[in-house]
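I have placed the structure first, in the form of structure tokens, so that the comments after it can refer back to it.
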Amino acid sequence: MFKKRHPTVGSRPGTLVISSDALPPVINLMRYSSQGPAIERRIEHATELNEPFPEQTVTWIDIQGFGDHDVMKLIGERFGLHPLMLEDVINVPHRPKAEVYNDQLLLIINMILTSEETIVEIEQVSIVLGKNYVITFQDRPGDVLDPIRNRIRLETAPIRQHQADFLAYAIADTIVDAYYPALELLGDKLEDLEEEVVASPTTKLLHELNRLKNRLVNFRRAVWPQREAINSLIRDHHLLVSEPVRIHFRDVYDHCVQTSEVVEMYRDMVTGMLNTYLTSIANRTNDVMKVLTIVATIFIPLTFIAGIYGMNFQHMPELSTRWGYPIVWVVMLLIAGGMLYFFRKQGWLGGDGDED
């Protein structure tokens, strides 16, 4: 089920709700400019962020874990984060959106983590864009952003020639691009199940289809609202997003639309396979019932004959006939054989039946 941490009823707006199992925050800082090596360091205490950020540089602060209320409050005060913005960041999961708070832009987007065989989890990533800095929030460690970090470490990387808004775009683009490996995993799983649903429909297969359908529902819930969030960055002229970066966001929007369409296609495929499964089970049941009906039909005349000569009347001339017993057997076998031939001729026993 979709559960969200939320304040108690009547709490003032901006109240932070931190789960008891939330991990302590791990803060990493990465600073770069168009020249010179990038600076990377672990922030041991939030007060280290109070130092002013140098001009002509871009600072990326990555925060993983919300388990310390005081630290999160200090970060909010240091960067002047609006209480409602901080609430949306910490009280996860939240619907993807893009909102402006004074001189900051908040973009909430969903990240999908995968392993070699399956989708691990869907996690919210909140991106706060300021004048010369970007802050990313996620409630658990692990992300798909290492390619960006590696690009920043290269002094000749094009990303280092741009401002903070381009870094925010690169983060969103990388997160959306990570949907494709997840879709590939789901597509491979669908192909395997598609072959199995016709060849050997089982209860285990039905459970797999339902599990896959639920996974696609969660995937759609994660991806679908992001189209509007990204589109708002393109449609609305935010001062923090330059025109060249807005053009780049169009590509992110196209990827969101494409992944949404693929998810819808996969959902239709799963629905079709569920219908095929039910049809296969119904056909198998019909085949069993057909065999049982044919067997019962064959024994109806045989039972009739056996019943006639089992009534034990005294005046039944056939009972005293020397060849009466074998004659009855021959008649019964002829009847059974004739009926089997007729059923076979009609195609009810696997034959092609009469062709018109």
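Here the working numbering = 1-based position in the sequence shown + 695.
We put the CB at the ideal spot given by N, CA and C, even for glycine.
For residue i, three-class secondary structure by DSSP
i        : result
Met-1034 : helix
Glu-659  : Residue 659 lies beyond the stretch modelled for the chain, which goes from 696 to 1051, so this question has no answer here.
Ser-821  : strand
Val-712  : coil
Leu-826  : The sequence shown places Lys at residue 826, not Leu. Looking at Lys-826 - three-state DSSP - the assignment turns out to be coil, as it is neither helix nor strand.
Lys-698  : Summary for Lys-698: the model assigns pLDDT 48, below 50, so the residue's position carries little reliability, and this model does not support an answer.
Val-753  : strand
Arg-922  : helix
Tyr-1004 : coil
Whole-number beta carbon distance between residue j and residue i, since they are thought to touch under 8 Å
i       : j       : result
Pro-853 : Gln-819 : Not really, about 29 Å apart at Cβ, beyond 8 Å.
Val-871 : His-950 : 5 Å
C-alpha gap between residue i and residue j, whole angstroms
i        : j        : result
Asp-982  : Leu-904  : 24 Å
Met-696  : Gln-833  : The pLDDT assigned to Met-696 is 39, lower than 50, so where the model puts this residue is not dependable, and the model offers no usable value.
Val-712  : Asp-763  : 11 Å
Arg-675  : Ala-877  : Look at the range of the chain in this structure, 696 to 1051, and you will see that residue 675 is not part of it.
Gly-1033 : Arg-910  : 55 Å
Ala-865  : Thr-966  : 35 Å
Trp-1043 : Pro-996  : 19 Å
Glu-816  : Met-964  : 22 Å
Glu-746  : Leu-724  : 12 Å
Gln-921  : Asn-805  : 8 Å
Glu-956  : Val-918  : 10 Å
Phe-1037 : Thr-898  : 36 Å
Glu-1013 : Ile-1030 : 19 Å
Trp-1024 : Leu-987  : 23 Å
His-932  : Val-766  : 33 Å
Pro-749  : Ser-728  : 10 Å
Residues that residue i bridges to, as DSSP identifies them
i       : result
Leu-969 : None, per the DSSP bridge assignment.
Gln-833 : Gln-759
Leu-808 : Glu-816
Glu-794 : Leu-801
Ile-722 : Ile-738 and Ile-758
Proximity below 7 Å, CB of residue i to CB of residue j
i        : j       : result
Ala-793  : Ile-822 : no
Leu-881  : Tyr-972 : no
Leu-849  : Leu-935 : no
Thr-1054 : Asp-883 : Here the chain comprises residues numbered 696 to 1051, so residue 1054 is not present and cannot be evaluated.
Val-947  : Asp-868 : yes
Val-892  : Met-968 : yes
Gly-760  : Pro-719 : yes
Ile-807  : Tyr-875 : no
Ile-722  : Ile-734 : no
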